[in-house]
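J.:
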Amino acid sequence: MSKLYCVFLFLGLAVSLRHVRALSQEDIAAIKTGLRPLIAECGKEFGVDEADIKKAKESGKIESLDPCLFACIGKKMGMINDKGEFDVEKSSETVKKFVTDKDEQKQILEIIEKCSSVNDEAVSDDKGCDRAVLLHKCMEPYKDQFDFSK
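Structure representation (structure tokens):
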């Protein structure tokens, strides 16, 4: 699921990472450990397994997955609140918990702030599904700055 971990920064919440080449091994391990059960739980709820996610990622069609899958993960992480909005404060807290390098933290927090604008967009649901797609699109340009395949 390598780059799917951008869901953290999404979820890829996964962050202006043009200067960051990769997170530390420790940070990547912490992110993977924290995300794996959430992805599995939400995947089960939406009938998606790890192989489906990997296939969608490899084909470049991650958007083909149910957007509510991403909202589910985002909600469990505290990134999407009960109103279906991107929770900037909780997302920032999560970054501070998992990313130990202060420079990387700062850069990721800048991306979170930039992507907070998704809360100003009109969406058709209050579950966070549409917002999760908008958030993914906002963070997508930054995904290649992380190497989660380690």
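All the letters of the sequence shown, read from the start, carry residue numbers -22 to -1, 1 to 128 under mature numbering (1 follows the signal peptide of the UniProt record, and there is no 0). The C-beta atom is built at its ideal place from N, Cα and C for all residues, glycine as well.
Per DSSP, Phe64 forms a beta bridge with which residues?
T.: For Phe64, which the question treats as bridged, DSSP gives the partners Ile58.
J.: Between Arg14 and Gly21, what straight-line distance do the alpha-carbon atoms span, to the nearest angstrom?
T.: Distance between the alpha carbons of Arg14 and Gly21: 10 Å.
J.: Which class does Ala34 belong to by DSSP, given the choice of helix, strand or coil?
T.: Ala34: helix per DSSP, three-state reduction.
J.: Would you be able to state if there are at least three C-beta pairs under 8 Å between the region 49 to 61 and the region 94 to 106?
T.: Yes, since at least three Cβ pairs between the region 94 to 106 and the region 49 to 61 fall closer than 8 Å, the two stretches touch.
J.: Compare the Cα-Cα distances from Cys93 to each of Lys115, Ser37 and Ala18 and report the closest residue.
T.: Cα-wise, what sits closest to Cys93 is Lys115.
J.: Is the Cβ-Cβ distance between Lys54 and Glu19 less than 8 Å?
T.: Yes.
J.: For Gly38, count neighbouring C-beta atoms within 10 Å of its own C-beta (all shown protein chains included) and say buried if the count is 16 or more, exposed if not.
T.: The residue in question, Gly38, is exposed, as its Cβ has fewer than 16 Cβ neighbours within 10 Å.
J.: Rank Val66, Asp27, Lys33 and Val77 by C-alpha distance to the C-alpha of Gly12 and give the top, closest one.
T.: Residue Val77 is the option with its Cα nearest to Gly12.
J.: Of the residues Glu82, Val26 and Asn97, which one's Cα is nearest the Cα of Tyr120?
T.: Checked all of Glu82, Val26 and Asn97; the closest Cα to Tyr120 is Glu82.
J.: What first and last residue would you give for the alpha helix (DSSP H) that runs through Glu82?
T.: First-last of the alpha helix (DSSP H) with Glu82: Lys80 to Cys93.
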